[in-house]
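Enquirer: Residue numbers (UniProt numbering): 1 to 744. The structure that follows is given in the form of structure tokens.
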Amino acid sequence: MFCYNTLHDNLVYSVFVRAWYDDKRYYVYKSPGITVVSKPPTLTYLGGAAVKELEQTTGNKDIDYQINNNTIIVGWKVKFNGGIHGVDYYQIYISTHPQGHNIHRSDTKLSPQQKSFSISGVKLQEDKIYYSTVLAFNKAGLCSWSTSDGIIIDSTPPSTGIIHDGLDPHDSEYQSSDSLLAASWYGFSDIGSGIVNYIWCVGRQNDSTTCDILPWTNVGLKIKTTDISPMELHSGDKIYHKVYAVDGSGLQSQVAVSNGIIIDTSPPEPSYLEFIGENLILNPSFESISDDTTTSCNSNIPEDWSTDSQSCVKTRSSQHSTAHDGEVYITITDQIQQTIQNLDTDCSYQLTVHVGYPHDILLSHHMVEGFIRLGHEINSFKLNPDLCQGDCSELVDVIHWYKFNYIYQPINTREKLVIGTTRNNMILAIDDLELRKINHVSLKDTNNNHIVYHPTFTPHWSSLHFNWYIKDRESSIVEYQWALGTVKGGTQIREFTTTGDRSHVTVSNLPLDHNTRLYFTVKARNGADLTSLSHSNYMLVDTTPPVVIYIHDGTGGDVNYQTRKVIAVNWKIEDPQSGIDYCLWAIGSVRGGNDIQKFTRIQKDENKASREYTEREPIKVYSTIRCYNKVGLQVTVTTDGVQLIDSNKLITNDRDIKIAKTLDGLTLMISWTDIFESYWKDLTYEVSLGTKQGGGDVMQWQETKDKSLRLTLPKHSKYKYLFLTLTAVDPCGLFSTIQKTILL
Numbered sequence: 001m002f003c004y005n006t007l008h009d010n011l012v013y014s015v016f017v018r019a020w021y022d023d024k025r026y027y028v029y030k031s032p033g034i035t036v037v038s039k040p041p042t043l044t045y046l047g048g049a050a051v052k053e054l055e056q057t058t059g060n061k062d063i064d065y066q067i068n069n070n071t072i073i074v075g076w077k078v079k080f081n082g083g084i085h086g087v088d089y090y091q092i093y094i095s096t097h098p099q100g101h102n103i104h105r106s107d108t109k110l111s112p113q114q115k116s117f118s119i120s121g122v123k124l125q126e127d128k129i130y131y132s133t134v135l136a137f138n139k140a141g142l143c144s145w146s147t148s149d150g151i152i153i154d155s156t157p158p159s160t161g162i163i164h165d166g167l168d169p170h171d172s173e174y175q176s177s178d179s180l181l182a183a184s185w186y187g188f189s190d191i192g193s194g195i196v197n198y199i200w201c202v203g204r205q206n207d208s209t210t211c212d213i214l215p216w217t218n219v220g221l222k223i224k225t226t227d228i229s230p231m232e233l234h235s236g237d238k239i240y241h242k243v244y245a246v247d248g249s250g251l252q253s254q255v256a257v258s259n260g261i262i263i264d265t266s267p268p269e270p271s272y273l274e275f276i277g278e279n280l281i282l283n284p285s286f287e288s289i290s291d292d293t294t295t296s297c298n299s300n301i302p303e304d305w306s307t308d309s310q311s312c313v314k315t316r317s318s319q320h321s322t323a324h325d326g327e328v329y330i331t332i333t334d335q336i337q338q339t340i341q342n343l344d345t346d347c348s349y350q351l352t353v354h355v356g357y358p359h360d361i362l363l364s365h366h367m368v369e370g371f372i373r374l375g376h377e378i379n380s381f382k383l384n385p386d387l388c389q390g391d392c393s394e395l396v397d398v399i400h401w402y403k404f405n406y407i408y409q410p411i412n413t414r415e416k417l418v419i420g421t422t423r424n425n426m427i428l429a430i431d432d433l434e435l436r437k438i439n440h441v442s443l444k445d446t447n448n449n450h451i452v453y454h455p456t457f458t459p460h461w462s463s464l465h466f467n468w469y470i471k472d473r474e475s476s477i478v479e480y481q482w483a484l485g486t487v488k489g490g491t492q493i494r495e496f497t498t499t500g501d502r503s504h505v506t507v508s509n510l511p512l513d514h515n516t517r518l519y520f521t522v523k524a525r526n527g528a529d530l531t532s533l534s535h536s537n538y539m540l541v542d543t544t545p546p547v548v549i550y551i552h553d554g555t556g557g558d559v560n561y562q563t564r565k566v567i568a569v570n571w572k573i574e575d576p577q578s579g580i581d582y583c584l585w586a587i588g589s590v591r592g593g594n595d596i597q598k599f600t601r602i603q604k605d606e607n608k609a610s611r612e613y614t615e616r617e618p619i620k621v622y623s624t625i626r627c628y629n630k631v632g633l634q635v636t637v638t639t640d641g642v643q644l645i646d647s648n649k650l651i652t653n654d655r656d657i658k659i660a661k662t663l664d665g666l667t668l669m670i671s672w673t674d675i676f677e678s679y680w681k682d683l684t685y686e687v688s689l690g691t692k693q694g695g696g697d698v699m700q701w702q703e704t705k706d707k708s709l710r711l712t713l714p715k716h717s718k719y720k721y722l723f724l725t726l727t728a729v730d731p732c733g734l735f736s737t738i739q740k741t742i743l744l
């Protein structure tokens, strides 16, 4: 054994052996030499040199995730530097921890020229990290090693998420732009390799493949994106956003498709209502009852209606025909209800109700607060809390009917209609209900009749119930706001206030001055956030009832008697502020009565009315006219009456006129008692006496109320015959005439 202090790297050392054959001869033998290599191969860190997991043996890009669970490809290009003597061979280990070999240990010595190697037949588990370790040996048997950053097996694609259409953080159903494409998404996830990018497209079909508006586009890791549509979009088009996620293993999630967004470039527009079909409320005016009036609770519930034991329902009528429609109305305390059938859930309906205080309510009445519920929707209302302030003594014999309109969208084909009071000490009158299907029709003119109002104006309290009819062809209307002012578009009385999606509002407890002009404004916002403003025509506050100029029996000037079989009346009633809405006419045998004819509506703009009367008995009749102005205030006026008589002539009996003469023949007593029969007791008689038939040369047309006449003839008269003409005239102008010859 030889010892030497220091051997230098990379020098070749040989061993020399001198062999002696004898004392003089020897031979020197030299070994091939050995190179001193005292250090293992070095590791290179420049240029991204590393041990990597590769997609393929010829690649050089490191991957962190892969789908394959039985093969790993390892590469180590330029990672090891063997120096001037190079690397002798490589070995590969696979492990679940760095520098380990519990998964794979290579017994094969890989040539120094090989820079990658595929290891197959291993069983790799998902979601675990596997590390590749490469050992480089030099010819001295020294080795160095390097371990990869690991690779995760991920064979599960990302889970899909949810897409929101539009720019808002919540999903939008509509958008006003016809060029913007905008969407956001959430909920995509991958617990393995993680999501590395999203792919987005836009199409017109609700499927996962059609991208006819915008092709598939890599948006990276953005979860909100916008773009300009490369093609023209039109109002009414519905587009769908589509997204899928790609994870680190290259796996793709299922395509998520939005529920679509509709292009709406037009704001809401006014419309008017077209009514379809019949009234769906059965017995809407409560006329189908067994008795006209009930005094006890629930003893005569109108047909098709029901109530409960806690409620009190009475049917009512009065000699003044106070019902809004027909002859009967009902009063309730608590509630009354009816189930409405055959509703179309795809359509809207308008419900119209008329409510008020009973006609015989006392001054000590309770203010009424009521409600109307149809299906899931409930609306409340209030009546004038001071109905009798300065207007009535002890009883109210005319009902002021409040009219309310509501728009409903039914959820079910059968819905329950309930009308009631909020407390059981209130009494509410109800009449004339209507529920009809409606269709919104575009309003082509500009007469503002899409805003309808039903006002109640009094000097101390006012209430206005507004309805408006506005439609949006593409998107639904999501919010209404209203304001009330004294100029067009003004908010002096009420600032803009939301009603949600309800198209009606009742504004109560308004102290308004007579002759004030009011303007109602509605702001409608659709699902695309487009708004439109609508203004009503001005409303003139009218706290005074109509004014009666005159009312006359007959067709012209006032008459007190008539023989015609037609009862007629004419009138002049004006309302300079709000105008006359409609008038009712009743006929009675007593002043203000309606026993001959119930109150009947007169044709619009008419100021006269007539009807046949077939009874033969003479009677005095009174016509009553009740006119309402357009704010609901009324005036009632009755004529002084007209006496009707039989249209036949006076009856002349067969009895003869009695004539008495003095002896000198100059004085005549003429009597016609019981000659004429008439209904009238106050007949007028016209008497003529002449020397010729029908003549009047002796006495010409003397008028008297008496039934006899004393006549003195001239002393020197030489009349052999005188001819008497007697005419009876009744107050109606009917007359009967008889003639008699008097022999002197």
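The beta-carbon is built from N, C-alpha and C at its ideal position, and this holds for glycine as well. Since this is a predicted model, take the numbers as computed values, not measurements.
How about the stretch 465-476 and the stretch 259-270: do they share at least three Cβ pairs that are nearer than 8 Å?
Expert: yes
Enquirer: Just to check my reading of the structure: T133 and Q99 have Cβ atoms closer than 8 Å, yes? What is that Cβ distance to the nearest angstrom?
Expert: That pair is a contact at about 5 Å.
Enquirer: In or out: V15 buried (at least 16 other Cβ within 10 Å) or exposed?
Expert: Classified as exposed, V15 has fewer than 16 neighbouring CB atoms from the shown chains inside 10 Å of its CB.
Enquirer: Can you grab the Cα-Cα spacing for the pair H552 / I580, in whole Å?
Expert: 19 Å
Enquirer: Taking just the CA atoms, how far does H97 sit from S61?
Expert: Rather than Ser, the amino acid found at residue 61 in this sequence is Lys. Spanning the two alpha carbons is a distance of roughly 22 Å.
Enquirer: Compare the Cα-Cα distances from T156 to each of P169, D165, D149, D127 and report the closest residue.
Expert: Closest by alpha carbon: D127.
Enquirer: Return the residue from the list T516, E606, N425, P731 that minimises the CA-CA distance to C312.
Expert: Minimum Cα distance to C312 is reached at N425.
Enquirer: Taking its Cβ as the centre, do 16 or more other Cβ atoms sit within 10 Å of V590, making it buried, or is it exposed?
Expert: exposed
Enquirer: Looking at S229: is its Cβ nearer than 9 Å to the Cβ of S148?
Expert: no
Enquirer: Quick test of your reading: M669 and S708, contact by CB under 8 Å. State the CB separation rounded to the nearest angstrom.
Expert: At roughly 7 Å, the Cβ-Cβ gap stays under 8 Å, so M669 and S708 are in contact.
Enquirer: Applying the criterion that 16 or more other CB atoms from any shown protein chain within 10 Å of the CB defines a buried residue, is G121 buried or exposed?
Expert: exposed
Enquirer: Do V12 and A19 count as a contact pair if the criterion is CB distance below 9 Å?
Expert: no
Enquirer: Would DSSP call W482 helix, strand or coil?
Expert: strand
Enquirer: Quick one: which unbroken beta strand (DSSP E) runs of 3-plus residues sit fully inside the stretch 11-77? Chain order, please.
Expert: 16-20, 26-30, 52-54, 71-75
Enquirer: With distances taken from CA atoms, which of C583, G75, L343, V246 is nearest L435?
Expert: Minimum Cα-Cα distance from L435 among the listed residues C583, G75, L343, V246 corresponds to L343.
Enquirer: In angstroms, rounded to a whole number, what distance separates the CA positions of L512 and D431?
Expert: 28 Å
Enquirer: If you drop the 5 nearest sequence neighbours on each side, which residues of the same chain put their C-beta closer than 8 Å to that of G696?
Expert: S688, L689, G690, T725
Enquirer: I'd like the span of the beta strand (DSSP E) that includes H354, first residue to last.
Expert: Element bounds for H354: 348-356.
Enquirer: For the beta strand (DSSP E) containing T521, list its first residue and its last residue.
Expert: If you look at T521, you'll find it in the beta strand (DSSP E) that goes 517-526.
Enquirer: Is the stretch 203-214 close to the stretch 227-246, with three or more CB pairs under 8 Å?
Expert: yes
Enquirer: In this structure, how does DSSP classify G556 when only helix, strand and coil are distinguished?
Expert: coil
Enquirer: Between which residues of its own chain and T339 is the CB-CB distance below 8 Å, once the five residues before and five after are set aside?
Expert: R414, E415, K416, L417
Enquirer: Specify the secondary structure class of H359 as computed by DSSP and reduced to three states.
Expert: coil
Enquirer: How should Q389 be labelled, buried or exposed, when 16 other C-beta atoms within 10 angstroms of its C-beta is the threshold for buried?
Expert: Summary for Q389: the model assigns pLDDT 46, below 50, so the residue's position carries little reliability; its value from the coordinates is reported in the next sentence. By the 10 Å Cβ count, Q389 comes out exposed.
Enquirer: Would V541 and V631 be called neighbours here (beta carbons separated by less than 9 Å)?
Expert: Remark: C-beta atoms of V541 and V631 approach each other more closely than 9 Å.
Enquirer: Could you give the distance in angstroms between the alpha-carbon of P618 and the alpha-carbon of I587?
Expert: 15 Å
Enquirer: Scan the stretch 142-220 and note each continuous beta strand (DSSP E) run of 3 residues or more that stays entirely inside, going in chain order.
Expert: 143-147, 151-153, 162-165, 180-186, 195-203, 214-218
Enquirer: Where does the unbroken beta strand (DSSP E) through M231 begin, and where does it stop?
Expert: Note, M231: premise wrong, no beta strand (DSSP E); not H, not E.
Enquirer: Between S532 and chain B, is any beta-carbon pair separated by less than 9 Å?
Expert: Absent from the structure: chain B. Only one protein chain is present.
Enquirer: If T456 sits next to N515, beta carbons under 8 Å apart, how far is it from one beta carbon to the other, in whole angstroms?
Expert: 17 Å between Cβ atoms; not a contact.
Enquirer: Between I657 and the rest of its own chain, which residues show a CB-CB distance below 6 Å, the 5 nearest in sequence each way excluded?
Expert: W672, K740, listed in sequence order.
Enquirer: What's the gap between the Cα of K572 and the Cα of Q562?
Expert: 21 Å
Enquirer: Could you check what DSSP says for G370 in three-state terms: helix, strand or coil?
Expert: Strand at G370.
Enquirer: Kindly list the residues whose CB is nearer than 8 Å to the CB of N138, restricted to its own chain and excluding five residues on each side of it in sequence; keep chain order.
Expert: Annotation for N138: V37, P40, P41, G82, G83, H85, G86, V87, D88 place their beta carbon closer than 8 Å to its own, counting only its chain and skipping 5 residues before and after.
Enquirer: Going by other Cβ atoms of all chains shown within 10 Å of its Cβ, with 16 needed for buried, is I625 buried or exposed?
Expert: Buried, because 16 or more other Cβ atoms sit within 10 Å of the Cβ of I625.
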